[in-house]
Amino acid sequence: MKKRRKILFALCYLSYTAIYIARLNLSIASPALKSAEILSAQQYGILGGAFSVVYAAGRLLNGILSDRRQPWSMISAGLLAAGISNVFFSFFPPFAGLFLLWCANAFAQSMLWSSVLCTISVLYDPQEAREKNSVMVTSVATGNILGILINLYLIEHCGLRWAFILPGALTLLLGAISLCSLRPVQVPFSENADMHESIFQLLRSRETRTILLPAVSHGIIKDNVTLWMAVFFVDSFAIDLEQSSYFILLIPIIGFLGRASYPLFFRHCGQHEHRVSLGAFAVCAVCASVLCLRGITPMIAMFCLSLIYAAVSLANTSFLSVYPTRYAQSGNMASVSGLMDFSAYLGAGAASFLYGQVVDRFGYSPMFASWTVLSVISGGILFQLLKKTDP
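Following the numbering used here, the numbering of the sequence shown begins with 65 at its first residue and continues without gaps.
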């Protein structure tokens, strides 16, 4: 039984890692797509924004569905659909086709996380499940690191199309494995039926409504770091894609360290996730302010973006993995996780559309300035929440 749990946990970890490889490929390929005149900066911003908006809507819908559907069906379907959309994206159809395929990829990827949390809740007891969730969330950073390395290699040595073909093939393979291997994991939904709340009932909670704005802010910052980091270094410092890889690779590596250190910060903050998030927003505010300055070097920019990404990775773990466990007993863990992710990605999508317009006209400083403002406001909200909840 113990060995089987490890295998299924590893499968979930690899699956969630794979979808980030099949998401980050667009960011890494963006300079080459612009050079080949397949995409303009504005169209790239539209794709990034559309991904976030569709992913947000999908996380809300699929979060609700994951409280009613067995994990294997959601995880395998999401992986298979993401794989198909990536493979077809590699043919580089006209922009309308690219737009539809990337939206399909976004919706498919939104099917996984809530069901992954449900899988862990079945495999482990509640206390161990919280620890495993903090490990599982490092798959995001692992996917970002591998996404940069794999997609850079594919673009440089195999051609631009392979940055979408190979990630697509990988998710298809894992989808097929999940379809066969995860069926024995059955969530006992009926046990929580009497306590289960609708999404509207959840939103009646003042704390739940209040926490949504910081969740939106962290999503705006986190996803736009990864969306713009490659093209930011190419545009701002006149370096090519291969040179920029040395800078952008450190960003998800430090993000991984941030996620991996979450249990340490969590214990240091008295096992209160809002304290961890408050500290994270403080770091974001300082580093984003530095990025607004003129004349900064690539090393300083890399250092600041790395710290920002590590900080919002900590906040991400709080909002999407730890906070939803408060609702495990009522059978609403997947719904709350979906609601948090919906808020985060809706904000990220709207911001990406806006940033695509702003970057073309005014450069990157307004984007970084907005991160500073959002961090200060979110930190203030969390501080007020802590004052009300702390003894």
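Note that beta-carbon positions come from the ideal geometry of N, C-alpha and C, so glycine has one too.
None of these values were measured; they are calculated from a predicted model.
* To do: Kindly indicate which three-state DSSP category residue 76 falls into: helix, strand or coil?
  => Here residue 76 refers to the residue found at position 12 when the sequence shown is read from its first residue. DSSP places residue 76 in helix when its eight states are reduced to three.
* To do: Starting from the Cα of residue 180, find the closest Cα among 86, 88, 242 and 91 and give me that residue.
  => Counting from one through the sequence shown, the residue named residue 180 turns up at place 116. Minimum Cα distance to residue 180 is reached at 242.
* Assigned secondary structure, residue 458 (DSSP; H/G/I helix, E/B strand, else coil) -> Examination of residue 458 is not possible in this model, given that the chain is present from 65 through 455 alone.
* Which term fits residue 337, buried or exposed, when burial requires 16 or more other beta carbons within 10 angstroms of its beta carbon? -> For the purposes of this step, residue 337 is taken as residue 273 along the sequence shown, with counting starting at 1. So residue 337 ends up on the buried side.
* Meets three-Cβ-pair contact criterion under 8 angstroms: the stretch 227-237 and the stretch 72-90 -> yes
* Asked: How is residue 127 classed by DSSP in three states: helix, strand or coil?
  -> The residue you call residue 127 lines up with position 63 of the sequence shown. Residue 127: helix per DSSP, three-state reduction.
* Would a C-beta distance cut-off of 8 angstroms place residue 378 and residue 413 closer than the cut-off? -> Indexing the sequence shown from 1 puts residue 378 at position 314. Indexing the sequence shown from 1 puts residue 413 at position 349. No, Cβ-Cβ distance for residue 378 and residue 413 is not below 8 angstroms.
* **Extent of the continuous alpha helix (DSSP H) run through residue 165** => Mapped onto the sequence shown, residue 165 falls at position 101. Start and end: 159-173.
* How would you call residue 437, buried or exposed, if buried means at least 16 neighbouring beta carbons within 10 angstroms? -> If you number the sequence shown from 1, residue 437 lands on position 373. Exposed: under 16 other Cβ atoms inside 10 Å.
* Asked: Under the three-state reduction of DSSP, which class applies to residue 241: helix, strand or coil?
  -> The count along the sequence shown starts at 1 and reaches residue 241 at position 177. Residue 241 falls in the helix class under three-state DSSP.
* To do: From the DSSP output, in three-state form, read off residue 455 for me.
  => Here residue 455 is taken as the residue at index 391 of the sequence shown, counted from 1. Because residue 455 sits at a pLDDT of 48, beneath the cut-off of 50, its placement in the model cannot be relied upon, and the point is left open.
* To do: Note the first and the last residue of the continuous alpha helix (DSSP H) segment covering residue 364.
  => Within the sequence shown, residue 364 is the residue found at index 300, counting from 1. Here the alpha helix (DSSP H) through residue 364 covers 362-381.
* C-alpha distance - residue 70 paired with residue 100, whole-angstrom precision -> Here the question's residue 70 lines up with position 6 in the sequence shown. Here the question's residue 100 lines up with position 36 in the sequence shown. Using only the alpha carbons, I get a separation of about 44 angstroms.
* Asked: Contact between the stretch 163-179 and the stretch 108-117: three or more CB pairs below 8 angstroms?
  -> yes
* Starting from residue 248, trace the alpha helix (DSSP H) both ways and give me its first and last residue. => In the sequence shown, residue 248 corresponds to position 184, counting from 1. Here residue 248 belongs to no alpha helix (DSSP H), and DSSP marks it neither H nor E.
* Asked: Which class does residue 104 belong to by DSSP, given the choice of helix, strand or coil?
  -> Position 40 of the sequence shown, counted from the first residue, corresponds to residue 104. Correct three-state label for residue 104: coil.
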